[in-house]
Each structure stands twice: as structure tokens, then as C-alpha cells.
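To start, the structure under review is shown below, and the notes come after it.
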Amino acid sequence: MPSTPCLIRPSHGGDVGAVTAIYTHHVLHGTGTFEIEPPTEGDMAQRRSDVLAKGLPYLVAEQAGQVVGFACCNWFKPRPAYRFSAEDSIYLAPGSHGRGLGRALLAELAIRAENAGVRKLIAVIGDSANAGSIGVHCSAGFQHVGVLRSCGWKFDQWLDVVLMEKALGVGDSRPPGERKKSDPP
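To convert a position in the sequence shown, counted from 1, into my numbering, add 21.
Dropping the structure here:
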């Protein structure tokens, strides 16, 4: 659990600066993202707008009035057949790891993604040595489905990608739109 109360809430436009700073840190110092150049605040605002325009969640974690993490999901691929599968992204501010914030963000993201009609969340985790991200996804019920070996080059090294998945709601047990008699109207 976080050491001080943590508020997980939908992001708003005023959060973009803090979100950009968090993500910039990970681009410049981490292997969880394979981006090499940090996106601008304008780029991050556009990415947020794109997620929200699709009806998908974009959340922040706030502690003591400061944004200390963010999470969102976006369609796994742009083709219409993927419209029930979304890739999650979770990033925490430096010094915010190990306090349950990632777990809290991922749990709320899964709830909101399911409410948006997502049936499967997919984690595409940069770097097979990324124990924190792999661990938080495992603790949230994600299953390992594969590793793409040496498919990224960052910081003068080859990096793997770990693939994990979690079914949401009824998952693939029935087609979209199909209701059981016991489902609420």
C-alpha cells in the first residue's frame, strides 16, 4: 500500500506537464519504453486526446497534490478486429516505486477498460529484466504469453519484449454484444 493516501483519478489537461516529465525520465533513463527521444508536452497532450477520443481510460495517481504516476490503454493494433484488445501503459515518477502505486493504477485501469468494452488487456513490456513491470502485471493476474528476443536496441544493447495478457469481464467466453438471460438490461 502507498505510504500516504493515493488518489487514482481520470487525468485532465493540467496533468500533461507532470505526465510528460514522468515519461521523459523513463525515455531517457529506462528500458520500459523503446522511445529514444522524449516526446514534447504537445505530443503527450495529443496522445492523451487520442486515447480519450476512443473512449478509453487515461488515469493519474496523485499523492499530496502531486501527480506521481499515470496509466492508460490504447487499442493493441489500429485494425477494427482488435477493438476489444488494448495495450496498457503504466509509468511512475522517480522515487515512487515499491509503494503499491503501479498496482493501484493497473487495478483501476482494468476496471475502467472493462467498462469501456475492452475484453483483453495486453502488456508489451520493454526489457525482460524489467522486474517491476513484470511483477506488477503478474500480481494483477496477467499471464506470460511470450518473449520477443532482442527486438529493441536502446542504450547500446539488445532488449527483449515480454508479452503478457489478462482477460477482462467475460473475456472471450462469448461474442461482443451477446447477453445471457441473467445479464442486467
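Idealized CB from N, CA, C, for every residue including glycine. As the structure is a prediction and not an experimental result, all values here were calculated from the model.
Rounded straight-line distance, which links the Cα of residue j to that of residue i
i, j, result
"L142", "R69", "18 Å"
"F84", "L113", "Reading off the sequence, residue 84 comes out as Gln, not Phe. Those two C-alpha atoms are separated by around 12 Å."
"Y44", "V191", "33 Å"
"N151", "A144", "12 Å"
"I57", "K175", "7 Å"
"P99", "E108", "11 Å"
"V183", "K75", "26 Å"
"L126", "S194", "26 Å"
"G86", "G63", "23 Å"
"D71", "D177", "32 Å"
"V168", "V139", "23 Å"
"I146", "T41", "19 Å"
"H46", "G156", "21 Å"
"F97", "Y103", "6 Å"
"T61", "Q67", "10 Å"
Same chain, Cβ closer than 6 Å to residue i, neighbours up to 5 away in sequence not counted
i, result
"V88", "D36, A39 and V81"
"G173", "F55 and L180"
"S171", "W179"
"H158", "A144 and M185"
Unbroken alpha helix (DSSP H) run spanning residue i, endpoints
i, result
"A152", "A152 to S160"
"I43", "V37 to H50"
Endpoints, the beta strand (DSSP E) within which residue i is located
i, result
"L183", "The question names Leu, but residue 183 in the sequence shown is Val. It spans Q178 to A188 - the beta strand (DSSP E) in which V183 sits, taken as one unbroken run."
"H33", "From DSSP, H33 is part of no beta strand (DSSP E); its letter is neither H nor E."
"R170", "Q164 to K175"
"G147", "K141 to G147"
Contacts around residue i, its chain only, beta-carbon distance under 7 Å, and the 5 residues preceding and following it disregarded
i, result
"P197", "F105"
"L49", "P59"
"L73", "Y79"
"E135", "L189 and G190"
"S149", "V168, D181 and V183"
"S117", "V89 and G90"
Chain-order list of residues whose beta-carbon lies under 8 Å from that of residue i (same chain, five-residue window excluded)
i, result
"R30", "L80, V81 and E83"
"E186", "K141, L142, I143, A144, F163, Q164 and V166"
CB-CB length for residue i against residue j, believed under 8 Å
i, j, result
"A137", "L77", "6 Å"
"G90", "S154", "G90 to S154, Cβ: 12 Å. No contact."
"S207", "R120", "There is no way to answer for residue 207, as the model of the chain reaches only from 22 to 206."
CB contact below 9 Å: residue i versus chain C
i, result
"D36", "Structure shown: chain C not included; a single protein chain is present."
- Item | Runs of beta strand (DSSP E) lying entirely within the region 59-133, each at least 3 residues, in chain order | 79-84, 87-96 and 106-113
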